[in-house]
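Below is one structure, written out as structure tokens; comments come after it.
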């Protein structure tokens, strides 16, 4: 309940406060209480007690608690009736014991009115205190609303920061893809160089195969598979077209996984077709050319593995983003940044090692 309307803002309250002195002045005299006489039509109706004078309350029914309480007190008050004498004789106005008793009753009524007035003052004071408390509660509510708005603002900032982090992760993945594309492009350039200088690199490739056999056991197995494929290629030249189609199917699968590598795979297919034409034109050099093709396929497989590693990293980044949205804490952001920086450094380190390996391979071939 809002007590502000009862304490100061009600027009009816101000009207009653202005008429209170007039009522007190009129109610200071108890009047003359006389015995009832037959008026024979000359008596006037008894007036109301001034303390019972009612005012039109401008408040709606049920909206002012103090107005209802005062109205109930007025209804409980006693009425003092006055009657005009029917004749102007002096005996009719002389005090009598009954009149004196009525005067004492009027004095008691005045005392009761004073007590009720004091109670009304106390009630007004209580209303004033309740109004102050209500104002304090309003201030508390406003503070709570301000704090809620601040919390919502911080929540929006955290969501924006999470969005920025997601964008940063996407940019990091894009950069990794660019690095992979650069490596694939480097391999394509190397393949073109091998095509142009194939006749001069036959012996170099043989030396490289021996070096790879001595350094890595899995390269021995890979070379064995290459020899088997080379024998099949020499026996069945007609199946080269089917192998090209299988490579095209593989390229389509890579396009569904990584859209950015579509052009790279097309270039690889073109390189394979060029290799096929070279095999047809130079039958004496088919063996070495097939080995080079298998090396490129191994590089493609390595790229697929690297792409799977990148996809796993993307899943990790998404999980960390979910943790960041739930916690909404700066410490979680710092922890995520640390994890992302470490993972990115590890990937860069792996890329650098692979670049060094490619450089060593080139050096061996050039030597």
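In the numbering used here, the protein residues as written are 5 to 371.
For each residue, glycine too, the CB sits at the ideal point set by N, CA and C.
Beta-carbon gap between residue i and residue j smaller than 8 Å
{"i": "residue 191", "j": "residue 262", "result": "no"}
{"i": "residue 199", "j": "residue 317", "result": "no"}
{"i": "residue 276", "j": "residue 248", "result": "yes"}
{"i": "residue 180", "j": "residue 314", "result": "yes"}
{"i": "residue 287", "j": "residue 230", "result": "no"}
{"i": "residue 298", "j": "residue 233", "result": "yes"}
{"i": "residue 215", "j": "residue 368", "result": "yes"}
{"i": "residue 302", "j": "residue 356", "result": "no"}
Span separating the alpha-carbon of residue i from that of residue j
{"i": "residue 29", "j": "residue 135", "result": "Confidence is the limiting factor: at residue 29 the pLDDT is only 44, short of 50, which leaves the residue's position unreliable, though a coordinate-based value still follows. The alpha-carbon atoms of residue 29 and residue 135 are separated by roughly 31 Å."}
{"i": "residue 117", "j": "residue 137", "result": "30 Å"}
{"i": "residue 236", "j": "residue 309", "result": "27 Å"}
{"i": "residue 222", "j": "residue 353", "result": "22 Å"}
{"i": "residue 323", "j": "residue 170", "result": "11 Å"}
{"i": "residue 360", "j": "residue 194", "result": "15 Å"}
{"i": "residue 120", "j": "residue 109", "result": "16 Å"}
{"i": "residue 219", "j": "residue 182", "result": "30 Å"}
{"i": "residue 174", "j": "residue 264", "result": "13 Å"}
{"i": "residue 260", "j": "residue 144", "result": "59 Å"}
{"i": "residue 327", "j": "residue 349", "result": "22 Å"}
{"i": "residue 189", "j": "residue 240", "result": "30 Å"}
{"i": "residue 25", "j": "residue 140", "result": "Caution applies to residue 25, whose pLDDT of 46 falls short of 50 and renders its modelled position unreliable; the model cannot decide the point."}
{"i": "residue 202", "j": "residue 320", "result": "44 Å"}
{"i": "residue 132", "j": "residue 146", "result": "21 Å"}
{"i": "residue 154", "j": "residue 130", "result": "36 Å"}
{"i": "residue 165", "j": "residue 176", "result": "16 Å"}
{"i": "residue 160", "j": "residue 152", "result": "12 Å"}
{"i": "residue 107", "j": "residue 122", "result": "23 Å"}
{"i": "residue 111", "j": "residue 125", "result": "21 Å"}
{"i": "residue 157", "j": "residue 311", "result": "39 Å"}
{"i": "residue 184", "j": "residue 330", "result": "34 Å"}
{"i": "residue 285", "j": "residue 204", "result": "17 Å"}
{"i": "residue 270", "j": "residue 258", "result": "11 Å"}
Neighbour flag for residue i against chain B, beta carbons, 8 Å
{"i": "residue 229", "result": "Absence of chain B from the displayed structure is noted, only one protein chain being present."}
Rounded distance between the beta-carbons of residue j and residue i, thought under 8 Å
{"i": "residue 251", "j": "residue 273", "result": "6 Å"}
{"i": "residue 365", "j": "residue 163", "result": "About 48 Å; that fails the 8 Å criterion."}
Next item on the list: Jot down the residue ranges of each uninterrupted alpha helix (DSSP H) in the segment 167-227, minimum 4 residues, whole runs only, in chain order.
Entry: 206-219
Next item on the list: Within the segment 242-280, note down every full alpha helix (DSSP H) run reaching 4 residues or more, in order along the chain.
Entry: 244-261
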